[in-house]
Structure formats: C-alpha cells, structure tokens
Amino acid sequence: MGKYKLTKDRLFVYICSLYVCGILFGVFLFRAPGEQNFGEAKFIPVFCANYWYVFLMWLFGFSVIGLFFNSLIVFFRGFLFGALLAVLVKTSFKDLAVLTALEIIVFIPAFFTLGYFSLASARKQFYNLFAPFTGTLDNKIYLNVMIVVTVVIVIYSLVIVIYR
Numbered sequence: 522m523g524k525y526k527l528t529k530d531r532l533f534v535y536i537c538s539l540y541v542c543g544i545l546f547g548v549f550l551f552r553a554p555g556e557q558n559f560g561e562a563k564f565i566p567v568f569c570a571n572y573w574y575v576f577l578m579w580l581f582g583f584s585v586i587g588l589f590f591n592s593l594i595v596f597f598r599g600f601l602f603g604a605l606l607a608v609l610v611k612t613s614f615k616d617l618a619v620l621t622a623l624e625i626i627v628f629i630p631a632f633f634t635l636g637y638f639s640l641a642s643a644r645k646q647f648y649n650l651f652a653p654f655t656g657t658l659d660n661k662i663y664l665n666v667m668i669v670v671t672v673v674i675v676i677y678s679l680v681i682v683i684y685r
C-alpha cells in the first residue's frame, strides 16, 4: 500500500487553485486607497469577520448547492487575503509579514480542512441524488471538524487582536 499524497487528491487541488486564483484577483484587481489607519481591533468584530463564511461553508456542506457556494466562499476568502496583501504592501511590511505568516500557519490549514470536508459532503449529497443511497453520511466527523475549526478561528482572532 503506497502513501496517500494529498497533492493527487483532485478536491484538495481544486480548493488550492480556487484560493490562489482568489489571491491573484485580489492582488491585481483591488486598488488600495492611500494611507490607511486600521485603529484598534476588538475580538467580537474580528471573530465575526473571520467566522461568518466558515459557518456558511459548513452549513452548505449539508446540501447539493454547497458545491457551488462553497467554491465561491473559498474564492472570496482568497480574494480578501489578496486585497489585504495589496493594501499591506503599500503601508507596512511588518504587518504584511505577521499577517501572512498567521494566515499560512493558522488559518489556511483550518480553512482548507473545512473546505475539503464541506465540498466532499456536498459532493456526496450530489451523488446520492442520482444513485441509490449507499451508506450513511458521517456527520459526527463533520461536526468535529467544525468544532476544531471554530477553536482555531478563536485563536486566530485572539492573535490578531493582541497584535493590533
């Protein structure tokens, strides 16, 4: 039995491609305004800004329309990160380095994991439309993934608030 390679998994490659396309669109299409003053960050707005689309992504995983909407959410999150990069390149290299490292180390693994499970669940729902139901959907694992991602988003938001 050979080792399982994540880069050969089409769903993972699809998620990565969507996210990178979103980053590229955000960097090249977003026009950063002049001088930015970000002010003081508070936990609840930062948490809600980072959690609302994660929660929507999780909910869309329970239905067939999740294939389309989860793809849009992954692209949108990549676009937001690309727009943030476009703003930070012009304003502060220190903020750019810290937020990019935080995104890569903390957020992206959790986001891609949820995106993978959510799209896989939506794809399973789609296949069940055209074929007889062949097995049970393991919602316990899907719920556990969401709980872990929620904890990671809380940590991510706390680090942003402490840094700002």
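In terms of this note's numbering, the sequence shown opens at residue 522 and continues consecutively. Beta carbons are placed, not taken as given, at the ideal position from N, Cα and C, and that holds for glycine.
Worksheet item: If you draw a straight line from the C-alpha of Phe583 to the C-alpha of Gln646, how long is it?
Response: 7 Å
Worksheet entry | Whole runs of the beta strand (DSSP E) within the region 561–636, excluding any shorter than 3 residues | none
Worksheet item: Assuming Gly636 and Asn591 make a contact with CB atoms under 8 Å, what is their CB distance in whole Å?
Response: 6 Å
Practice prompt. Let me know the secondary structure DSSP gives Arg685 once reduced to three states.
Written response: coil
Worksheet item: Considering only the beta carbon of each residue, do Phe576 and Ser678 sit closer than 8 Å?
Response: no
Worksheet entry | Contact under 8 Å by Cβ, Arg598 with Tyr540 | yes
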